[in-house]
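Working notes, beginning with the structure itself.
In the numbering used here, the protein residues as written are 1410 to 2519.
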């Protein structure tokens, strides 16, 4: 529920009137963007003059006329572009997107969802038409497949450009060479893409068909009928067996379990591994046979516990449900949003360079036509030159990079040092090498999400791990006394009903207080003990009866929260064991082996809004009714009786890194309970504002409760968290921790994990910031501090972002570490988006639970950890790891290598296209600017494929330092964030190299050729191939045996093919010594100066990695 909390509350009369508290909060929050009336509780310092007031302001007023705002440049410079400037700078894209969205909305207008009447077992009586219950995960259908795939390919400038160039070859006047020289590479790229998409689509179709063909039993007037999942309709009564998938959203009518409830597994729906308890509708569960009419008519309210969601699995018993929603209207489908396609920064940079190359291509063609003197049909010549020089932009660039990404992904998954790592988005491995901000969850990510009970505080006495045996003795003694008293009294006498008024208020002994506290912890929870069948044949979960032998090793506890399981495990360790539970009762076994039964009268489950849970139980032996409640200190402090220790001890425990829960109780008389039950039942049946009315009735019980104890549970840190965080900090990555936990616990974990170093100052932003004025003063106080970590709560963050978004983000970005506590999932995603927008740097989000999915999808690079909370984050992420410490190697080694390799590969492929275009330009200028191709047919195809492809692609195996060195010196990672491996500077260097080498090879061939022009082709092409192979060798920093194989294989392929290329080469000439010395001379002149320059640069200005490797 926390992710439904709006980040920017919208003020409207309807919302404000919803509850008195909420109205006070919103009116105190200050005027919203569209507010027309002043709030009742508005502060004086929130008036209009704040708009003109600079952020840096002393308490006395302005310190001087020149405010310190110049340190926040981005906050002021953001000026809105208008008119033509706006249109050119991306406005056209915005307009096109808006028009497309409008058309899609018109075509796919969503049906308005409203209340529906469902006829049980009679779907034909439904007047409305409901969607089919078929699962459809396919992207395309038969008609849209080819157009859809082609659109996805040609929306990239590079591919569209080649399509246009290839199509122009059909115009006879513009035809340059053979059609296959243009269409073969393009056709290859498209064939690979279409085949890959077709295979993926066919697999999706098969998976959907398998799911839609699953058979279920349907109850009809004629008895049971087998029906396919896709043929299920609204109103059908469906029987779902154990371990079978629930086919649609249903209301749970009946179960074979005696308790009237069943467990379902929701890991396929929300990723959570804990089983969830679902309850059958009591009136239908009680019917002797389903289908009998009840007289009189029954009105029973349904709650979320009576629902069975599609795509969950029945874990116990057999259930019968009535179908309410099918197909597109099920919860799982409606909650599925298509995540945005992530594009890496390297791809965007290469796209920019491609556009620069296209500009160079146009300029070069215009220059050629100009030097021709615009003679004849010059526009036709212009197009011919554009086609001649089209190799400036190489089509193999996209192919090589995509294949490189696949290799990096394979390397990551095969790395034995980070087992279990999965690459789910293969298009962005280079992003791992460019990260500046890492935003991490706390529970389950930095910590293990394995709870261990550490502390019990009773107000006057505190028990830690070393004094648990004292608690055990107290519990044993108190139950022995109770047992002896019970044996001594007359067994035939009726059990005494104690009331709060009948016992005088005397100070309880420590022993009785411990007894009460342990009993409360053992009763107030939502944990169910599950007994696995020893034989493993039936696999049925049997709810134990009182006389059954409860074997501890055969029992496991199921609950939606690991905190609760830790508490129940602890009560078991001190002697009070939960042995059985169903909807109506639970049984505890005492240290003496006696089984105590408690009847469950009411349950109030935990919600993220209430932050507490409660239970009303009746003791079978004494008939005493007790209301137990436990929850967060913020929620419980107003409910319990006045005390002077709770707040202080909560702070102390939080500083130790413990998660605290406050436990309280209230004893009820029979009359009090009956009165509550009647009001509660009435509130549950109300149609309007049911939730508010139910909450109001429960709140009437939550008054003056007796504070029993405070528990502290520790969530242990993951292995090697400290060295990993230190490594990331040394690599120049700023780490932000976003958690839903309380401020003190978050601060403590930040210190213990060394996210914040011991010597570093921490600025804790005041948690109660509610107004603009308070936010203003807090930001000023924070401004004056230097090099300190920031800790801020979600509520304060919300207020600051509403009024001072730019300023807060600018200040926070200067901090070495930031901790945001009490964050909702929506806020986490919003913080990631803000960081991306304000800084323009690459962000990475890492988490392990369903509440981290929105943050992971919002970041440039999302990493999920397979943890205790399930696989939802792992499945939604781009990269999935098993432990937090693996992120160090993933970034320092694989991220760094992926980026440096792709940068080298991309620039080398461009160099390969530039050098041949330079030769073509020299050739054309020598021969009177004729638009005639230098190399034709197979030579051009072979040049980009078999002659140079293997050595160039072998650059994906290159590395500048060994993995161990990259981890030992994380400072090497800092250089990557500046983007120096691929920039306009490095690109221009490669352009100059290409012009030099292309000019030398072409002029050399023209100077040295003797008789025939065919010799020029032979000399220049051979020298070109050798130059490319030598340039690969020059670029490589660490040789791999496959690189050597690729070099010799390519050279061998070229030499072998010379015998078959009679059409292009004079075979008699290429076997002479003259040919060999001319080729060798040209190659040496083109490559030797570059080798010398590289040697001098390495000696005079060595890169940082070479200092380490030497």
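Glycine residues also receive a C-beta, built at the ideal position from the N, C-alpha and C atoms.
Residue range 1632 to 1637 is occupied by the beta strand (DSSP E) that includes residue 1632.
Per DSSP, the beta bridge partners of residue 2115 are 2074. Fewer than three Cβ pairs drawn from the region 1814 to 1833 and the region 2114 to 2134 lie within less than 8 Å of each other, which leaves the two stretches out of contact.
Counting C-beta atoms within 10 angstroms of its own C-beta, residue 2342 has 16 or more neighbours from the protein chains shown and is therefore classed as buried.
Contact between the region 2134 to 2147 and the region 2074 to 2083 is absent: fewer than 3 CB-CB pairs across the two stretches fall below 8 Å. At a cut-off of 3 residues, the continuous stretches assigned as beta strand (DSSP E) that sit fully inside the region 1952 to 2034 are 1964 to 1967, 1986 to 1990, 1994 to 1998, 2004 to 2013, 2021 to 2028. Cβ-Cβ distances below 8 Å link residue 1789 to 1582, 1583 in the same chain, with the five nearest sequence neighbours on each side left out; the list follows chain order.
Between residue 1770 and residue 1559, the alpha-carbon positions lie close to 25 Å from each other. For residue 2023, same chain residues with a beta-carbon under 6 Å away, outside a window of 5 residues either side, are 2013, 2038 in chain order. Only residues of its own chain outside the window of five on either side were considered, and among them 2174, 2175, 2178 have a CB closer than 7 Å to the CB of residue 2187, listed in chain order. If you draw a straight line from the Cα of residue 2006 to the Cα of residue 1668, it comes to about 15 Å. Between residue 2066 and residue 2157, the gap from beta carbon to beta carbon is short of 8 Å.
In the pairwise beta carbon analysis, the region 1786 to 1803 is classified as not touching the region 2258 to 2276: fewer than three pairs are separated by under 8 Å.
Taking a 10 Å sphere around the C-beta of residue 2074, we find 16 or more other C-beta atoms and assign the residue as buried.
In the three-state DSSP reduction, residue 1760 falls in the helix class (H, G or I). In this structure, residue 2254 sits near residue 2267, with a CB-CB distance shorter than 8 Å. Taking C-beta atoms as the reference points, residue 2290 and residue 2282 fail to come closer than 8 Å.
Rounded to whole angstroms, the Cβ separation of residue 1632 and residue 1530 is 12 Å, and the two are not in contact under 8 Å. When secondary structure is reduced to three states using DSSP, residue 2171 falls in the strand class. Residue pairing of residue 1742 in beta bridges, as defined by DSSP: absent, with no partner found. Here the C-alpha atom of residue 2477 lies approximately 27 Å from the C-alpha atom of residue 2408. With contacts defined by Cβ atoms closer than 8 Å, residue 2334 and residue 2340 do not form a contacting pair. Cβ-Cβ distances below 8 Å link residue 2041 to 2020, 2021, 2069, 2070, 2071, 2151 in the same chain, with the five nearest sequence neighbours on each side left out; the list follows chain order.
Where residue 1793 is concerned, the enclosing alpha helix (DSSP H) starts and stops at 1787 to 1797. According to the DSSP assignment, residue 2374 belongs to no beta strand (DSSP E) but to the alpha helix (DSSP H) extending over 2372 to 2377. Spatial neighbours of residue 2383 in its own chain (CB-CB distance under 8 Å, excluding positions within 5 residues in sequence) are listed in chain order as 2140, 2141. Annotation for residue 2290: the continuous beta strand (DSSP E) segment containing it runs 2288 to 2290. The criterion of a C-beta distance shorter than 8 Å is not satisfied by residue 2484 and residue 2344.
A distance of 8 Å or more separates the beta carbons of residue 2131 and residue 1827. When the beta-carbon positions are compared, residue 2247 and residue 2218 come within less than 8 Å of each other. Assignment of residue 2200 by DSSP, reduced to helix, strand and coil, places it in the strand class. Under DSSP, residue 2144 takes part in a beta bridge, and its partners are 1847, 2226. For residue 1640, the secondary structure class from DSSP, reduced to helix, strand or coil, is helix.
Each of 1759, 1541, 1523 was checked against the Cα of residue 2391, and the nearest Cα belongs to 1759.
Partner residues in the beta bridge of residue 1866, as assigned by DSSP, are 1871, 2119. Secondary structure of residue 1627 (DSSP, three-state): strand.
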